[in-house]
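Residue 25 in numbering that gives the first Met the number 0 is what sits at position 26 of the sequence shown, and the numbering runs on without skipping anything.
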Amino acid sequence: MWRRSFGTGSHAVDALKEKKWDALVIGGGHNGLTAAAYLARGGLSVAVLERRHVIGGAAVTEELIPGFKFSRCSYLQSLLRPSVISELELARHGLKLLKRNPSSFTPCLDGRYLLLGPTKVLNHREISKFSRRDADAYPKYESQLERFCTLMDPLLDSSPPESLQGISSLQERLKNKVHNSVFWTRLLHQAASLGQKDMVDFMDLLLSPASQVLNNWFETDVLKATLATDAVIGSTASVNTPGSGYVLLHHVMGETDGDRGMWSYVEGGMGSVSMAIGNAAREAGAHIVTSAGVSQLIVDDSGKANGVLLADGTVVQSSNILSNATPYKTFMELVPQNVLPDDFTRSIKYSDYSSGTTKINVAVDKLPDFHCCKSIDGLQYTGTIHIGSESMEEIDSACQDAVNGLPSRRPVIEMTIPSILDKTISPPGKHVINLFIQYTPYNPSSGCWDDPVYRESFAQRCFNLIDEYAPGFSSSVIGYDMLTPPDLEREIGLTGGNIFHGAMGLDSLFLMRPVKGWSNYRTPLPGLYLCGSGAHPGGGVMGAPGRNAAKLVLEDFKKKMN
0 MWRRSFGTGS HAVDALKEKK WDALVIGGGH NGLTAAAYLA RGGLSVAVLE RRHVIGGAAV
60 TEELIPGFKF SRCSYLQSLL RPSVISELEL ARHGLKLLKR NPSSFTPCLD GRYLLLGPTK
120 VLNHREISKF SRRDADAYPK YESQLERFCT LMDPLLDSSP PESLQGISSL QERLKNKVHN
180 SVFWTRLLHQ AASLGQKDMV DFMDLLLSPA SQVLNNWFET DVLKATLATD AVIGSTASVN
240 TPGSGYVLLH HVMGETDGDR GMWSYVEGGM GSVSMAIGNA AREAGAHIVT SAGVSQLIVD
300 DSGKANGVLL ADGTVVQSSN ILSNATPYKT FMELVPQNVL PDDFTRSIKY SDYSSGTTKI
360 NVAVDKLPDF HCCKSIDGLQ YTGTIHIGSE SMEEIDSACQ DAVNGLPSRR PVIEMTIPSI
420 LDKTISPPGK HVINLFIQYT PYNPSSGCWD DPVYRESFAQ RCFNLIDEYA PGFSSSVIGY
480 DMLTPPDLER EIGLTGGNIF HGAMGLDSLF LMRPVKGWSN YRTPLPGLYL CGSGAHPGGG
540 VMGAPGRNAA KLVLEDFKKK MN
């Protein structure tokens, strides 16, 4: 049903050659589709070129084992901007969010467990099993993070206040100066409204290791470890890495239907997010073509990007090109050599694209039977299940293995079972299980990810660890799909296997993303824009880079037309 909405094959490619498009979008991931939807709604002729046979990028649903539909890469929704959901009317286009309550379950080998969720009564009762002091402190911790998020939220939905690049008129320079002054004035006003104590605490959160932040708040190992996973998710960082503390904001940053900090499953898998956005784009007039990989950008004699060359040799012309590929892929592989400034290409080349992440999608014939919770009525299955995360020391130890070139001996595993709430993705009585695993080096010193025996041994290591908490899990596995960092790079197009299109450290955010001087989606190549997670505000299924980039392109387009 979905694929009939989008073009593929020779006829769809032929249609691309019939005219010069106002805008081409390279990559049909959720940000590229978001950009296309806003551009088409703005009146531009738009075509989206997706290399794979299916749209979605990392937000994709694929049936790799008959009857089992996997959210192959991303697997939870919370960060998708409310503005994108409402403005593109994604509910009307098929998006259905399934709220999770409880949202977190951490089993312990000693027979105890910790449940957390959006309900204050549940959280207090659960944390009190370990520490009454921590139970009283937890709502204060969440409240502080929520106050910090109110400071961050406006930054997500707008372009950074970048200096003008290239030659500009006096009027443009004055307009840019006023715009930037208004931005900083508003931000300073919001910061002042927090008060000095909260601002000092905010700076502490930004600069400190997550371990230090959590140690200052709590005494219970399993609570700190559960929260610490938010700080290292998808990165190669340890809980002891300076600057990892700010990622704790992800605990409360997102929302589902207005409920702050509520993470949800998506009916039909994460591909349904991309399909809904794609449907909105198509309704607005965008042309979406799959199996249409781009091999190179075309630059005219004046030094402006004016089209692309497809892998099959087809030339497609356009006045504006938006790349949803990673910065490295865009500037080091798609842009012809000797077009970009040397200092820019050096910055792109030496940015951090490292990854310690592996995703295993598992089909099972029964739910895991956790020996620590025989009497909680299935509540343990709805949220994220933290395996091997009973203390921050365990997480750090897993990280240190990867630093030494080895896949973690006891990996940190986030298990989710979306089929508990979503009955459309697995056969009756059977389930889909997502395992998000850290840490796995891109090039392990102990073997090679291309070796089937090496891959199988690591998968079994993960299954055996789960067996310690839920005996018999390994025997329930019908089949699985495994994506290591090289697989994520090769199949999904994520440079280095980095799920965020580049590291999300403090040196790679806001005015520094993708590199300093080029944070506002424009690039040194006129006519080329960046609209993916490698641009501000970064990774996650957010839609903000696509929306923000499209708004900028529309502004630039109107200037040229006047």
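Heads up, the beta-carbon is just placed ideally off N, CA and C, and yes, glycines get one too.
Candidates the options: closest to residue i by CA position
| i | options | result |
| --- | --- | --- |
| Ser418 | Gly55, Gly268, Lys550, Arg146 | Gly268 |
| Ala401 | Val221, Thr383, Ile436, Gly377 | Ile436 |
| Asp220 | Leu206, Leu173, Pro106 | Pro106 |
| Arg50 | Gly478, Leu63, Ile25 | Ile25 |
| Pro101 | Arg124, Leu108, Gly110, Ser82 | Arg124 |
| Val12 | Asn547, Tyr453, Glu554, Ser290 | Ser290 |
| Val288 | Glu554, Leu23, Lys19, Lys558 | Leu23 |
| Gly492 | Asp506, Thr325, Ala280, Asp449 | Thr325 |
| Asp300 | Pro335, Asp197, Ser532 | Pro335 |
| Lys19 | Cys148, Arg454, His286, Gly41 | His286 |
| Asp311 | Phe369, Pro470, Val298, Gly292 | Gly292 |
| Val585 | Ala397, Asn403, Gly404, Leu405 | In this structure the chain extends from 0 to 561, so residue 585 is not present and cannot be described. |
| Leu308 | Gly233, Leu48, Glu455, Glu393 | Leu48 |
Assigned secondary structure, residue i (DSSP; H/G/I helix, E/B strand, else coil)
| i | result |
| --- | --- |
| Leu108 | coil |
| Trp183 | helix |
| Ala397 | helix |
| Ser4 | Low local confidence applies: a pLDDT of 41 at Ser4 is under 50, so the model's placement there is unreliable, with the coordinate-based value given in what follows. Ser4 falls in the helix class under three-state DSSP. |
| Met269 | coil |
| Asp480 | strand |
| Tyr264 | strand |
| Glu282 | helix |
| Leu551 | helix |
| Arg172 | helix |
| Glu488 | helix |
| Leu115 | strand |
| Gly277 | helix |
| Ala90 | coil |
| Val59 | coil |
| Thr381 | coil |
| Ser142 | helix |
Nonlocal neighbours in the same chain, by C-beta distance under 7 Å from residue i, ignoring five residues either side
| i | result |
| --- | --- |
| Glu266 | Lys95, Leu97, Asp421, Thr423 |
| Ala543 | Arg80, Leu155, Asp156, Pro536 |
| His430 | Val363, Leu366, Ile416, Ser418 |
| Ile599 | As shown, the chain starts at 0 and ends at 561. That puts residue 599 outside it, with no answer to give. |
| Leu339 | Phe330, Pro523, Leu524 |
| Val552 | Ala22, Leu38, Asn319, Leu321, Tyr528 |
Residue i and residue j closer than 8 Å at C-beta
| i | j | result |
| --- | --- | --- |
| Gly306 | Ser322 | no |
| Tyr349 | Arg99 | no |
| Glu413 | Thr225 | no |
| Gly277 | Ile477 | no |
| Gly496 | Tyr441 | yes |
| Glu145 | Val251 | yes |
| Ala279 | Ala36 | yes |
| Gly31 | Gly531 | yes |
| Leu556 | Leu43 | Position check: residue 556 holds Phe in this sequence, whereas Leu was assumed. Yes, Cβ-Cβ distance for Phe556 and Leu43 is below 8 Å. |
| Ala534 | Ala549 | no |
| Ser507 | Asp351 | yes |
| Pro426 | Gly56 | no |
| Thr184 | Ser354 | no |
| Ala58 | Gly27 | no |
| Pro126 | Tyr140 | Going by the sequence as given, residue 126 is Ile instead of Pro. Result no, Cβ atoms of Ile126 and Tyr140 do not sit closer than 8 Å. |
| Arg546 | Asn360 | no |
| Leu248 | Phe147 | yes |
| Ile432 | Gly233 | no |
| Pro451 | Asp368 | no |
Assumed close pair residue i, residue j - CB separation to whole angstroms, cut-off 8 Å
| i | j | result |
| --- | --- | --- |
| Gly116 | Gly382 | 7 Å |
| Phe182 | Leu193 | With 8 Å as the limit, Phe182 and Leu193 do not qualify as a contact, their Cβ atoms being about 18 Å apart. |
| Val45 | Val272 | In fact, because the Cβ distance is near 19 Å, the residues do not count as touching under 8 Å. |
| Pro159 | Leu434 | The Cβ separation is near 35 Å, so there is no contact. |
| Ile465 | Ile386 | 6 Å |
| Trp262 | Leu75 | 5 Å |
| Gly93 | Ala283 | Incorrect: roughly 15 Å between the Cβ atoms, too far for contact. |
| Glu254 | Ser518 | Actually they are not in contact, since the Cβ atoms of Glu254 and Ser518 sit about 25 Å apart, beyond 8 Å. |
Sequence-distant residues of the same chain with beta carbon closer than 6 Å to residue i, five excluded per side
| i | result |
| --- | --- |
| Ser210 | Val238, Asn239, Met391 |
| Thr357 | Ile436, Thr439, Thr483 |
| Glu467 | none |
Same chain only: Cβ atoms within 8 Å of residue i, ignoring 5 sequence neighbours per side
| i | result |
| --- | --- |
| Gly165 | Pro525 |
| Glu389 | Thr105, Cys107, Leu108, Asp220, Val221, Ala224 |
| Met0 | Its pLDDT being 29, under 50, Met0 is placed unreliably by the model, and the measurement read from it follows with that caveat. Closer than 8 Å at Cβ, skipping near neighbours: no residue. |
| Asp258 | Lys98, Pro117 |
| Glu171 | Leu163 |
| Leu205 | Gly242, Gly244, Tyr245, Leu505 |
| Gln399 | Ser237 |
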